[in-house]
Amino acid sequence: MDNPFADVFKVPELKRRILFTVGILAAYRIGATIPIPGVNAEALRSLFAAQQNTLLGFLNIFSGGALARLSIFSMGIMPYINASIIMSLLQGAHVIPYLDRLAKEGEQGRKTMNQITRYLTLALGGLQSFGLTFAVSRMPAPGGAPIVLNPTAGFIALTVLTLTTGTIFIMWLGEQITERGIGNGVSLIIFAGIVDRLPAAVADLIRLVRIEEISLFKALLLVALVLVVTGLVVWVETAQRKIPVQYAKRVVGRRMYGGASTYLPLKVDQSGVIAVIFAVSLLAVPLTIAQFAPHSALAARVAKWGKGNWLYEVIYAGLIIFFCYFYNSVAFNPSELAENLRKWGGFIPGIRPGDATAQYISKILERITLGGALFVAAIAVLPDYLRQALNAPFFFGGTALLIVVGVALDTVGQIQSHLIMRHYDGFLKGGGGFKGRWFNVGS
């Protein structure tokens, strides 16, 4: 294959999906640059410059810089993610029988749950928009200049309506990408916001080297760190534990079926970037609550709750580990998998079919999930300490790299699947692509 990237545009359907996705992301980035009228842009910019290493600056990265501009997309996709977390927790805890019934109704039940999630997104978006508007209208910039020039009731009402509408529109954009584009829409929207800041981060790093605020050696060390972290993320995201599966021979009429040997692939990091995104969303909850009382003790504590604070990092890492296991419990059912294997005459050599197979799969899944969760938590936390030691731009954090690399791998994998279905080799010669590696974990 001479030019693998050219093959993408040889498949009309894949070409349409990619161009559609690019168009949607471009529309999102345009909306992220449109500011809310009546805001002192210079005062807002100075506020986020002072808060860039705190939770507020961290959330600004996930909004693609829209929060620092107080644009119509300032709320980003976070209310939708929070609504999805609440729905997943309620479904996983089995506290509402109605949700349990919907989960068993197949496609129709899934559509109903998606509709409930949308309504919950609208409620959370309105609540968070009001909190953000209320806080910004009463929050002075570091120099004492007001951020909102005329904080009337009309301004608050119009801003809340605009921000809430922006959130719903972003949710719709994400759904359109998932259904008609390529990749996961929500993840790609966050990915686009982070990548959009990459040129500015690189320019900032070069500026720091020129003014000798950071040495050339430290800059090169930082670049090496980014490459190492990227390689480690790719290494773990593509790692698999392959469980051998044997199918018994069956005679149907005059033909013999089965007897084949295959394997059951279990990813080391099943949740991918979902656990990281969920953890960041929950970390935003204290900030949202503090926005309703900007002069309270909680607001003062949250304002100082920055990257590098040991309590923040411990809670952040704990949330990532929790959501890695929670995602597996919702998305992966060992008992159902074992039952399907039994129905089709499949078995794991040395393991009895049925409950024993389910327990064996569950045991392996728990062990590899622990390793994957600890790795993701370490990558999300440890580079932030190194970044502070090197005085590097905020962009070069482990969380941003985890999301960028994870979403890129998932999207390229989906593109490659489309190419392979149409007899192309994919992005690597010989059809290698991003195959999962054999990650041997003792059984």
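Residue numbering for the sequence shown follows the working numbering, beginning at 779 and increasing consecutively. Where is the CB? At the ideal position from N, CA and C, for every residue including glycine.
Short of 7 Å from the beta carbon of residue 828, and not among the five residues preceding or following it, lie these beta carbons of its own chain, in chain order: 920. For the pair of segments examined, the stretch 889 to 899 was found to touch the stretch 852 to 870: the number of CB pairs separated by less than 8 Å reaches three. Secondary structure at residue 1127: coil, using DSSP grouped into helix, strand and coil. In this structure residue 1015 is buried. Its beta-carbon is surrounded by 16 or more other beta-carbon atoms within 10 angstroms. Residue 963 places its beta carbon less than 8 Å from that of residue 951.
Per DSSP, residue 984 is one residue of the alpha helix (DSSP H) stretching across 976 to 988.
Distance check between residue 1026 and each of 992, 1120, 1054 and 990 places 1120 closest, using alpha-carbon atoms only. Excluding five sequence positions before and after residue 997, the CB atoms of its chain that fall closer than 7 Å to its own CB belong to 983 and 987, given in chain order. Comparing alpha-carbon positions, the option among 1113, 1188, 1115 and 903 lying closest to residue 939 turns out to be 903. Looking at the DSSP output, residue 967 bridges to nothing.
For the pair residue 787 and residue 1176, the Cα-to-Cα distance works out to about 33 Å. In this structure residue 847 is not in contact with residue 875, their Cβ atoms being roughly 45 Å apart against a cut-off of 8 Å. Residue environment for residue 891: buried (at least 16 other C-beta atoms within 10 angstroms of its C-beta).
Residue pairing for residue 1042: DSSP places it in a beta bridge opposite 1021.
Sequence-distant partners of residue 1127 (beyond 5 residues in either direction) whose C-beta falls short of 8 Å from its own C-beta, in its chain, are 1022 and 1024. Under the criterion of beta carbons closer than 8 Å, residue 1178 and residue 839 qualify as touching, at roughly 6 Å.
Of the candidates 958, 1114 and 929, the residue whose Cα lies closest to the Cα of residue 795 is 958. Residue 926 holds the alpha-carbon nearest to the alpha-carbon of residue 825 among 979, 926, 811 and 872.
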